[in-house]
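So the sequences go chain by chain: F and H.
Be aware that the first sequence starts at 1, since it is given in the UniProt record's numbering, and climbs by one per residue.
Be aware that the second sequence starts at 1, since it is given in the UniProt record's numbering, and climbs by one per residue.
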Amino acid sequence: MTAAAVFAIEDALAQYDPVLGLEVHVELNTNSKMFCGCPTEFGAPPNTQTCPVCLGLPGALPVVNAKAVEAAIKIGLALNCEIAEWCRFARKNYFYPDMPKNFQTSQYDEPIAFDGWTEVVVDGETYRIEIERAHMEEDTGKSTHVGGATGRIHGASHSLVDYNRAGIPLIEIVTRTIEVAPEKAAAVARAYVSMLRDLLLALDVSDVRMDQGSLRCDANVSLKPHGSTVLGTRTETKNVNSFRSVERAVTYEITRQAAVLASGEKVLQETRHWHEDTGVTTSGREKSDADDYRYFPEPDLVPVAPSREWVEELRGTLPEAPSTRRVRLQEEWGFTDLEMRDVINGNALELVVGTVELGVSAAAAKKWWLGELARAANESGLELGSLGVGAAEVAEVQKLVDDGALNDKLARQVFDGLVKGEGTPAQIIEARGLALVSDDSALIEAIDRAIAANPDVVEKVNSGKPAAAGALIGAVMKDLRGQGDAAKVRELLDAKLGI
Amino acid sequence: MGDLIRKTAVELSELMTSGEASAVEITQAHLDRIGAVDGAVHAFLHVDTEGALAQAAAVDKKRAAGEKLGPLAGVPLALKDVLTQDGIPTTAGSKMLEGWKPPYDATVVQRLKAAGVVILGKTNMDEFAMGSSTENSAYGTTHNPWDLNRIPGGSGGGSSAAISAYEAPLAIGTDTGGSIRQPGAFTGTVGVKPTYGGTSRYGLIALASSLDTPGPCARTTLDAALLHEVIAGYDKRDSTSINQPVPAVVDAARRADVAGLRIGVVKELGGEGYQPGVEARFHEAVELLTKLGAEVVEVSCPHFQYALPAYYLILPSEASSNLAKFDAMRYGLRVGDDGENSAERVMNLTREAGFGAEVKRRIMLGTHALSSGYYDAYYGQAQKVRTLIARDFEKAYEQVDVLVSPATPTTAFAIGDRVNDPIAMYKNDLCTIPSNLAGNAAASFPCGLADEDGMPVGFHVMAPVMRDELLYQVGGALEAALAEQWGGVLMSKAPELEVTR
Numbered sequence: 001m002t003a004a005a006v007f008a009i010e011d012a013l014a015q016y017d018p019v020l021g022l023e024v025h026v027e028l029n030t031n032s033k034m035f036c037g038c039p040t041e042f043g044a045p046p047n048t049q050t051c052p053v054c055l056g057l058p059g060a061l062p063v064v065n066a067k068a069v070e071a072a073i074k075i076g077l078a079l080n081c082e083i084a085e086w087c088r089f090a091r092k093n094y095f096y097p098d099m100p101k102n103f104q105t106s107q108y109d110e111p112i113a114f115d116g117w118t119e120v121v122v123d124g125e126t127y128r129i130e131i132e133r134a135h136m137e138e139d140t141g142k143s144t145h146v147g148g149a150t151g152r153i154h155g156a157s158h159s160l161v162d163y164n165r166a167g168i169p170l171i172e173i174v175t176r177t178i179e180v181a182p183e184k185a186a187a188v189a190r191a192y193v194s195m196l197r198d199l200l201l202a203l204d205v206s207d208v209r210m211d212q213g214s215l216r217c218d219a220n221v222s223l224k225p226h227g228s229t230v231l232g233t234r235t236e237t238k239n240v241n242s243f244r245s246v247e248r249a250v251t252y253e254i255t256r257q258a259a260v261l262a263s264g265e266k267v268l269q270e271t272r273h274w275h276e277d278t279g280v281t282t283s284g285r286e287k288s289d290a291d292d293y294r295y296f297p298e299p300d301l302v303p304v305a306p307s308r309e310w311v312e313e314l315r316g317t318l319p320e321a322p323s324t325r326r327v328r329l330q331e332e333w334g335f336t337d338l339e340m341r342d343v344i345n346g347n348a349l350e351l352v353v354g355t356v357e358l359g360v361s362a363a364a365a366k367k368w369w370l371g372e373l374a375r376a377a378n379e380s381g382l383e384l385g386s387l388g389v390g391a392a393e394v395a396e397v398q399k400l401v402d403d404g405a406l407n408d409k410l411a412r413q414v415f416d417g418l419v420k421g422e423g424t425p426a427q428i429i430e431a432r433g434l435a436l437v438s439d440d441s442a443l444i445e446a447i448d449r450a451i452a453a454n455p456d457v458v459e460k461v462n463s464g465k466p467a468a469a470g471a472l473i474g475a476v477m478k479d480l481r482g483q484g485d486a487a488k489v490r491e492l493l494d495a496k497l498g499i
Numbered sequence: 001m002g003d004l005i006r007k008t009a010v011e012l013s014e015l016m017t018s019g020e021a022s023a024v025e026i027t028q029a030h031l032d033r034i035g036a037v038d039g040a041v042h043a044f045l046h047v048d049t050e051g052a053l054a055q056a057a058a059v060d061k062k063r064a065a066g067e068k069l070g071p072l073a074g075v076p077l078a079l080k081d082v083l084t085q086d087g088i089p090t091t092a093g094s095k096m097l098e099g100w101k102p103p104y105d106a107t108v109v110q111r112l113k114a115a116g117v118v119i120l121g122k123t124n125m126d127e128f129a130m131g132s133s134t135e136n137s138a139y140g141t142t143h144n145p146w147d148l149n150r151i152p153g154g155s156g157g158g159s160s161a162a163i164s165a166y167e168a169p170l171a172i173g174t175d176t177g178g179s180i181r182q183p184g185a186f187t188g189t190v191g192v193k194p195t196y197g198g199t200s201r202y203g204l205i206a207l208a209s210s211l212d213t214p215g216p217c218a219r220t221t222l223d224a225a226l227l228h229e230v231i232a233g234y235d236k237r238d239s240t241s242i243n244q245p246v247p248a249v250v251d252a253a254r255r256a257d258v259a260g261l262r263i264g265v266v267k268e269l270g271g272e273g274y275q276p277g278v279e280a281r282f283h284e285a286v287e288l289l290t291k292l293g294a295e296v297v298e299v300s301c302p303h304f305q306y307a308l309p310a311y312y313l314i315l316p317s318e319a320s321s322n323l324a325k326f327d328a329m330r331y332g333l334r335v336g337d338d339g340e341n342s343a344e345r346v347m348n349l350t351r352e353a354g355f356g357a358e359v360k361r362r363i364m365l366g367t368h369a370l371s372s373g374y375y376d377a378y379y380g381q382a383q384k385v386r387t388l389i390a391r392d393f394e395k396a397y398e399q400v401d402v403l404v405s406p407a408t409p410t411t412a413f414a415i416g417d418r419v420n421d422p423i424a425m426y427k428n429d430l431c432t433i434p435s436n437l438a439g440n441a442a443a444s445f446p447c448g449l450a451d452e453d454g455m456p457v458g459f460h461v462m463a464p465v466m467r468d469e470l471l472y473q474v475g476g477a478l479e480a481a482l483a484e485q486w487g488g489v490l491m492s493k494a495p496e497l498e499v500t501r
């Protein structure tokens, strides 16, 4: 790898327009594999979920999983695609150690869904993304390279292959080229993947666990000088597995390619690896046009011909489109456009929905998710959804606030404890001593101490300036280390002072 | 009780029913025959003595207990080594799979076992079913029991030789371009290629997925029909399997009636390049069928002349992809794994050592035909020809019920004769290939001996998709009429094999 300098993103975008293409692989959540009856459970001991078919043993034959076809059609419909009346699987012939047949059964020129579109919202602007196709294929197995320092094949003493994943149904969703305002490109890429995740969750066709690889994004990036209509050479950054990484990887590639081009060199057409820790991509396999997969129609499978009745039936089962749903939710929650945008941009929509469903007001749900929790996520570099705090916890804390057991300040400390994994809200309150003091005698003692310590303030109040009592409340709360029930303190103090 | 090995499957079943012979006795008789003659014939790659006797004993036990058994229960069978059998070595005639024991049964094997058929062992074949002579086997050539200096046909030479050498009354073959019918013709036995999708391919080590069809081999039409009925039928594990009832093949073989049947002689399958003795026997058979009341007309199938080139593009293309899995990583042969070579190098060394010349030739052809820039000119064009051939058949079947031709242009040739001339070898399958491309049913029935060499000639019958019973109707009628002429079945004219031990 040449240590080419990387441009600042502003400098890169000042000269070049990025062109993106996103390929998202989605593992379906079917109970069985694409072409056999093997289970698809994640995390099972290696090679325990295999059979002659998914191991590609001599003589074994594939049979298409109807549930996977159904999921593919739903995804296609949700992305406003045409659904093929007749399509076939094809063989993609290439060698890879974790691919048992040495060809992947995929779809080539006859995808099940094609010519669709969808929309994403970034900073309040709506961007239309054209979908070229969504096709069905099978996943490969998983290699583990052992003995090296990096976990990569170079330097490894041996490799282990787990075929449990081989044959799990995949849908690959491919966009047409995305050309948006250069400074928005990376954010649009992130928003698109995030939107797909919401959509797939709503369709209940995938677990969309990016950390488990059930949603993987390959980001194709190329640059062209401003005003040029000729597309530049693209690179394909493989298997980027978080929304944030999608944005970072795209940004990095823009800055890297800009530096390469500016130095008069050519961008190589290649696959690249994304490194989460260092935030850079490195060269993978050089990919030339000579790659020849020798596609041909899979002779072991009959064509897939979904009836129009079935397609319409599935269309009827689709959940509300995310964009329609957003308009509805905004209305129900009484949010302004700006508030709604913040929620969406903060990737908090589903979390707020979940929290509101548990009886929390939309305003309170938004306050916690976009305030305390977003800050914690940002600090730890995690997605909001993987903080270890869910809608149930937020609802529980809010209920304690509503009941007067916590105030906002204490609630924030409870959330801090939750993020740090200190246990349930009750355990954290107990351990950190966070309960709000509302016991009359304890409060009265503190009030008496405050009055005794501040005769001048009492004097002011008595001389007809009741507003001065605020200073006494402050003193009481300080005395109680912020854990006094403010309303109750006020009530008792007023009685004491005869206001 | 007589000579058990010379009985038909039907006769053996009768002997068992009447208690005159047990399945174990019958199985032992065939194992003894294998021991006696297979040194000379080399039909078998693996004989499962213990397993076969155990299966036979199980049948005897069931029979003694009064359980109802199928018509072929206790009858021995030879299985082409391209079908997986749980725990039994399966090589597809290749070094690549030497010693591999599949962990599962092919659907055909499952059905045979369920019917109580006794599987004696695995038979020799051209490597990965590529060839028309069984000379491409990595484990040596099989000899034609009619003349040990001649080839038995291919790729299922072992299966046809096993039944013509009386080592088994029944055998299973697979037919991709004629690999059941051509060896059937060369050994004077019955070989049937059922409708594509009529028998399951699950567990059949693929040569060309869109063409491969397992089918029965036997010495009589009725035996073949009984076996056909056992192995055929829908299989949900094979996506290309046809979900329809099995045609009434046994009834048709018993009825053996061609009165009123319209038979079309394919004009394009005869004439130049056809051995006179083959043509003479074929025309006599047609005459015979006319006398039996069939209506015979000449029919033209103009695109059949392109069948051979189309086949030799489609087959290698699919084969090149199907054989990609033999990479030395998970099963079978591994060469050069000494810690010095990379995985890729080990794969190359293994393929170099494990694949024979014909297999390498076809992988190269197929890889080229599918490669970008050539796909349309080769594979795409061949698929169009395939459609035209299927239309030729459809049009012909508007006029006639079945089509007929010689099964092969010549009789069995001498070992070594065509080894260095692949094209001459390929031409052997001229008559059989169109049926594979169209996916319809076809069979070869013995119709006499050629005058020039005294070798058997095959009569080829082709029938529409899922009309397999028509084959048996014609074959049965022909068999009965010829038996009357000859005073027995053709096989009874075969020379005695010299017994070696």
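Ideal Cβ placement from N, Cα and C applies to all residues, glycine included.
Tell me whether His42(H) sits in a helix, a strand or coil according to DSSP, three-state version. Translated into the one-based positions of the second sequence, residue 42(H) becomes position 42. Reduced to three states, the DSSP call for His42(H) is coil.
Output needed in chain order: residues of the region 235 to 252 of chain H with a Cβ under 8 Å from some Cβ in chain F. Hits within the stretch, in order: Lys236, Arg237, Asp238, Ser239 and Thr240.
Name the residues in the region 194 to 225 of chain F whose C-beta lies less than 9 Å from a C-beta of chain H; which are they? Residues: none.
Is it a yes or a no for the region 8 to 18 of chain F touching the region 240 to 258 of chain F, going by three-plus beta-carbon pairs under 8 Å? Between the region 8 to 18 of chain F and the region 240 to 258 of chain F, the count of C-beta pairs closer than 8 Å reaches three or more; the two stretches touch.
What ranges does the alpha helix (DSSP H) occupy inside the region 222 to 306 of chain F, keeping only unbroken runs of at least 4 residues that lie completely in it? Correct list: 243 to 262.
Are the C-beta of Lys399(F) and some C-beta of chain H separated by less than 9 Å? Counting from 1 along the first sequence, the entry for residue 399(F) is found at position 399. Interface annotation, Lys399(F): not in contact with chain H, CB-CB separation never under 9 Å.
Secondary structure at Met136(F), three-state DSSP: helix, strand or coil? Counting from one through the first sequence, the residue named residue 136(F) turns up at place 136. Taken through DSSP and simplified to helix, strand or coil, Met136(F) comes out as strand.
Using DSSP bridges, identify the partner residues of Ile172(H). Taking the first residue of the second sequence as 1, we reach residue 172(H) at position 172. The partner list for Ile172(H) (beta bridge, DSSP) reads Leu79(H) and Pro216(H).
Output the boundary residues of the beta strand (DSSP E) element that contains Asp17(F). Here the question's residue 17(F) lines up with position 17 in the first sequence. Per DSSP, the unbroken beta strand (DSSP E) holding Asp17(F) starts and ends at Tyr16 to Glu27.
For Arg490(F), report the span of its alpha helix (DSSP H) as first-last. Translated into the one-based positions of the first sequence, residue 490(F) becomes position 490. Annotation: the continuous alpha helix (DSSP H) that includes Arg490(F) extends over Ala486 to Leu497.
Could you tell me if His158(F) is buried or exposed, where buried requires 16 or more neighbouring beta carbons within 10 angstroms of its beta carbon? Within the first sequence, the letter at position 158 stands for residue 158(F). The C-beta of His158(F) has fewer than 16 other C-beta atoms within 10 Å across all chains shown, which makes the residue exposed.
Is it buried or exposed, Glu318(H), if we count other Cβ atoms within 10 angstroms and call 16 or more buried? The residue you call residue 318(H) lines up with position 318 of the second sequence. Answer is buried; the Cβ neighbour count reaches 16.
Can you find a CB in chain F that lies within less than 9 Å of the CB of Met329(H)? As a first step, residue 329(H) must be located in the second sequence, where it is residue number 329. Under the 9 Å criterion on CB atoms, Met329(H) is classed as interfacial with respect to chain F.
For Pro466(F), is the beta carbon positioned less than 8 Å from some heavy atom of the ligand FAD? Among the ligands in the structure shown, none appear at all, so the ligand FAD cannot be discussed.
Can you tell me whether DSSP reads Asn93(F) as helix, strand or coil? If you number the first sequence from 1, residue 93(F) lands on position 93. DSSP, reduced to helix, strand and coil, places Asn93(F) within a strand of the structure shown.
Which residues in the same chain as Asp456(F) place their Cβ atom closer than 6 Å to its Cβ, once the five residues preceding and following it in sequence are excluded? In the first sequence, residue 456(F) corresponds to position 456, counting from 1. The answer is none, since no qualifying residue turns up.
Leu449(H) to Asn149(H) span [Cα, whole Å]: Within the second sequence, numbered from 1, the residue matching residue 449(H) stands at position 449. Within the second sequence, numbered from 1, the residue matching residue 149(H) stands at position 149. About 17 Å.
Would Gly177(H) pass as a contact of Gly191(H) if the rule is Cβ separation under 9 Å? Translated into the one-based positions of the second sequence, residue 177(H) becomes position 177. Translated into the one-based positions of the second sequence, residue 191(H) becomes position 191. Judged by beta-carbon spacing, Gly191(H) lies beyond the 9 Å limit of Gly177(H), meaning their Cβ atoms are not closer than that value.
Measuring only the C-alpha atoms, how far is Val6(F) from Glu82(F)? Along the first sequence, read from residue 1 onward, the residue named residue 6(F) stands at position 6. Along the first sequence, read from residue 1 onward, the residue named residue 82(F) stands at position 82. Within the model, the alpha-carbon separation for Val6(F) versus Glu82(F) is close to 42 Å.
Please report whether the beta-carbon of Lys67(F) lies at a distance below 9 Å from any beta-carbon of chain H. Here residue 67(F) refers to the residue found at position 67 when the first sequence is read from its first residue. Output row for Lys67(F): interface = no.
Here's the rule: buried if 16 or more other CB atoms are within 10 angstroms of the residue's CB, otherwise exposed. What is Ala363(F)? Residue 363(F) sits at position 363 when you count from the first residue of the first sequence. Label assigned to Ala363(F): exposed.
Quick one: does Pro52(F) have its CB under 9 Å from some CB of chain H? Locating residue 52(F) in the first sequence gives position 52, counting from the first residue. True, the Cβ-Cβ gap to chain H drops below 9 Å.
How big is the Cα-Cα spacing for Ala443(H) and Leu79(H)? As a position in the second sequence, residue 443(H) is number 443, starting the count at 1. As a position in the second sequence, residue 79(H) is number 79, starting the count at 1. One C-alpha to the other measures close to 18 Å.
My assumption, with CB atoms under 8 Å, is that Trp369(F) sits in contact with Ala348(F). Please give the rounded CB distance. Residue numbering aside, residue 369(F) sits at position 369 when the first sequence is read from its first letter. Residue numbering aside, residue 348(F) sits at position 348 when the first sequence is read from its first letter. With a contact defined as Cβ atoms closer than 8 Å, Trp369(F) and Ala348(F) qualify at about 4 Å.
Of all the residues that make up the region 85 to 115 of chain H, which are near chain F by a beta-carbon distance shorter than 9 Å? Correct list: Thr90, Ala92, Leu97, Trp100, Pro102, Pro103, Tyr104 and Ala106.
Taking Cβ positions, are Ala452(F) and Val461(F) nearer each other than 9 Å? Reading the first sequence from its first residue, position 452 is the one you call residue 452(F). Reading the first sequence from its first residue, position 461 is the one you call residue 461(F). The criterion of a C-beta distance shorter than 9 Å is not satisfied by Ala452(F) and Val461(F).
Quick check: the Cα distance between Arg88(F) and Gly76(F), rounded to an integer number of angstroms? Counted from its first residue, the first sequence places residue 88(F) at position 88. Counted from its first residue, the first sequence places residue 76(F) at position 76. Each residue's alpha carbon lies about 16 Å from the other.
Tyr170(F), enclosing beta strand (DSSP E) - first and last residue: Residue mapping note: residue 170(F) aligns to position 170 of the first sequence, counting from 1. First, the amino acid is wrong: residue 170(F) is Leu here, not Tyr. Leu170(F) -> beta strand (DSSP E) spans Pro169 to Thr175.
Let me know if Ala495(F) comes out buried or exposed under the rule of 16 or more other beta-carbons within 10 Å of its beta-carbon. Taking the first sequence and counting its residues from 1, one reaches residue 495(F) at position 495. Exposed is the call here.
Could you tell me which whole beta strand (DSSP E) segments of length 3 or greater appear in the region 416 to 473 of chain H? Runs of beta strand (DSSP E) with 3 or more residues, each lying fully within the region 416 to 473 of chain H, are found at 441 to 449 and 456 to 463, listed in chain order.
Touch check for the region 390 to 408 of chain H and the region 295 to 306 of chain H: three-plus C-beta pairs under 8 Å? Yes, the region 390 to 408 of chain H touches the region 295 to 306 of chain H.
Please return the same chain residues whose Cβ sits closer than 6 Å to the Cβ of Glu479(H), not counting the five positions on each side in sequence. Along the second sequence, one-based indexing puts residue 479(H) at 479. Once the five neighbours on either side are set aside, the close Cβ partners of Glu479(H) are Thr221.
Residues of chain F with CB under 8 Å from Gly233(H), in chain order? Here residue 233(H) is taken as the residue at index 233 of the second sequence, counted from 1. Going along chain F, no residue has its Cβ under 8 Å from Gly233(H), so there is no contact; the nearest lies around 16 Å.
In chain order, what residues of the region 386 to 400 of chain H put their CB closer than 9 Å to some CB of chain F? Answer set for the region 386 to 400 of chain H: empty.
For the region 370 to 382 of chain H, enumerate the residues whose C-beta is nearer than 8 Å to any C-beta of chain F, in chain order. Those would be Leu370, Ser371, Ser372, Tyr375 and Tyr379, in chain order.
Quick check: the region 101 to 116 of chain H against the region 136 to 144 of chain H, are at least 3 beta-carbon pairs closer than 8 Å? Segment contact: the region 136 to 144 of chain H against the region 101 to 116 of chain H, fewer than three CB-CB distances shorter than 8 Å; contact not assigned.
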